[in-house]
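The structure appears below as structure tokens.
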Amino acid sequence: MGSIERRTIGLLRRLFRSAIPGYLTLAFGVVSIALVFGVASDSMYGVSHGINLVAYWHVPLALVGGVAFTVTFLGCVLYLLTGTRFWEHLAHASGELGFIFATLTLVTGSAWGRVIWNTWWDWSDVRLVTFLFVWFIYAGYLLIYAGAGNGARVSRLASVYGVVGFVTVPISYASTRLWTARLHAPSIGNPDAEAAISFEVLLVSLLAISFLYLYFLGSRVRLHDVTVRLDALKTRHRGKTYKPTGDD
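In full-length UniProt numbering, the protein residues as written are 1 to 248.
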């Protein structure tokens with residue numbers, strides 16, 4: 001392990017042990033809830049309905065989910081290059097959280113679409129279809145990793161899958177720019193967008209979800225470290241308690 005890698009891992013471990021992300025999650029989460037239910041308008045796409053407020057968490061969940069998958073990609077690359085278990089643990093922990101955020105994105109989006117677009121799902125919408133494909137890709141990553149155990153070969157296989165599968169993420173997020181979207185018209189940089197979303201409220205919610213991701217990421221990485229130490233202690237204990245005799 002090089003000095004730069006060692007310092008980087010040390011910095012990340014200190015960040016993950018810090019209580020600051022938890023406090024920031026709580027603070028921005030409370031402010032987000034207050035702004036969404038107290039300030040944000042529930043009128044979007046010409047419809048006034050309380051379900052529109054879900055957009056202030058639906059969009060951040062999708063964005064932070066994309067960040068989580070990017071961290072998984074980087075962790076997989078670094079693990080394949082260095083063989084350092086920390087990067088594997090980081091990739092897996094971030095993949096778990098990205099998958100959860102992607103699931104919540106699909107659930108909240110479907111509930112929102114049922115009221116606003118009068119449909120739970122539309123297979124003709126390119127964003128919906130490509131994002132569902134991303135969801136399946138990372139479900140596969142987690143399934144492969146679940147079978148890895150302590151085997152380095154299977155861990156490398158999961159990492160290769162995480163690197164290759166990441167190509168679906170930028171394609172999904174750029175899909176509304178690359179193809180004509182039936183339901184998800186681009187809103188950023190699009191003056192004709194019909195969704196009247198308050199940028200300030202959306203930003204606070206994005207920060208809340210971001211710090212929530214960072215807090216849970218640190219918790220999952222620490223849990224991985226504890227699991228590795230426990231496995232090492234169990235192996236050492238078995239080695240000490242099992243003493244073969246001459247008849248074995």
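Even for Gly, the Cβ is constructed at its ideal location relative to N, Cα and C.
Have a look at the options and flag the residue whose alpha-carbon is nearest the alpha-carbon of residue i.
i           : options               : result
residue 164 : 80, 11 and 61         : 80
residue 42  : 29, 221 and 56        : 56
residue 24  : 210, 152, 217 and 229 : 210
residue 68  : 32, 122 and 93        : 93
residue 105 : 229, 135 and 214      : 135
residue 198 : 87, 32, 11 and 167    : 32
residue 171 : 30, 66 and 4          : 66
residue 45  : 72, 112, 155 and 229  : 112
residue 220 : 86, 167, 131 and 121  : 86
residue 91  : 229, 218, 174 and 227 : 218
residue 225 : 38, 6 and 89          : 89
residue 96  : 30, 8 and 145         : 145
residue 76  : 200, 156 and 22       : 156
residue 74  : 36, 161 and 200       : 161
Run through DSSP, which three-state label would residue i get?
i           : result
residue 48  : strand
residue 32  : helix
residue 43  : strand
residue 197 : coil
residue 216 : helix
residue 228 : helix
residue 57  : helix
residue 19  : coil
residue 5   : helix
residue 110 : helix
residue 124 : coil
residue 86  : helix
residue 115 : helix
residue 167 : coil
residue 151 : coil
Round the Cβ separation of residue i and residue j to the nearest angstrom and send it over; I've been treating them as touching at under 8 Å.
i           : j           : result
residue 40  : residue 61  : Not quite, the Cβ-Cβ distance comes to about 16 Å (not below 8 Å), so this is no contact.
residue 98  : residue 58  : Incorrect: roughly 15 Å between the Cβ atoms, too far for contact.
residue 158 : residue 138 : Not quite, the Cβ-Cβ distance comes to about 11 Å (not below 8 Å), so this is no contact.
residue 116 : residue 47  : 6 Å
residue 82  : residue 5   : 6 Å
residue 133 : residue 168 : 6 Å
Going by DSSP, which residues form a beta bridge with residue i?
i           : result
residue 172 : Per DSSP, none; premise fails for residue 172.
Starting from the C-beta of residue i, find all residues in its chain whose C-beta is less than 8 Å away, skip the five residues before and the five after it, and write them out in chain order.
i           : result
residue 234 : none
residue 191 : Only weak support is given to the placement of residue 191: the predicted model assigns it a pLDDT of 47, under 50, and the value that follows is read from those uncertain coordinates. Around residue 191: no qualifying Cβ.
Excluding five sequence neighbours on each side, which residues of the same chain lie with their C-beta closer than 7 Å to the C-beta of residue i?
i           : result
residue 28  : 204, 207, 208 and 211
residue 13  : none
residue 100 : none
residue 63  : 206
Going by beta carbon distance, what residues of the same chain come within less than 6 Å of residue i, once the five residues before and after it are set aside?
i           : result
residue 188 : With a pLDDT of 45 at residue 188, under the threshold of 50, the modelled position of this residue cannot be trusted, and the question is left open.
residue 15  : none
residue 71  : 94
residue 248 : Unreliable positioning characterises residue 248 in this predicted model, as indicated by a pLDDT of 47, which lies under 50. The coordinate reading is nonetheless provided below. Excluding sequence neighbours, residue 248 sits near nothing in its chain.
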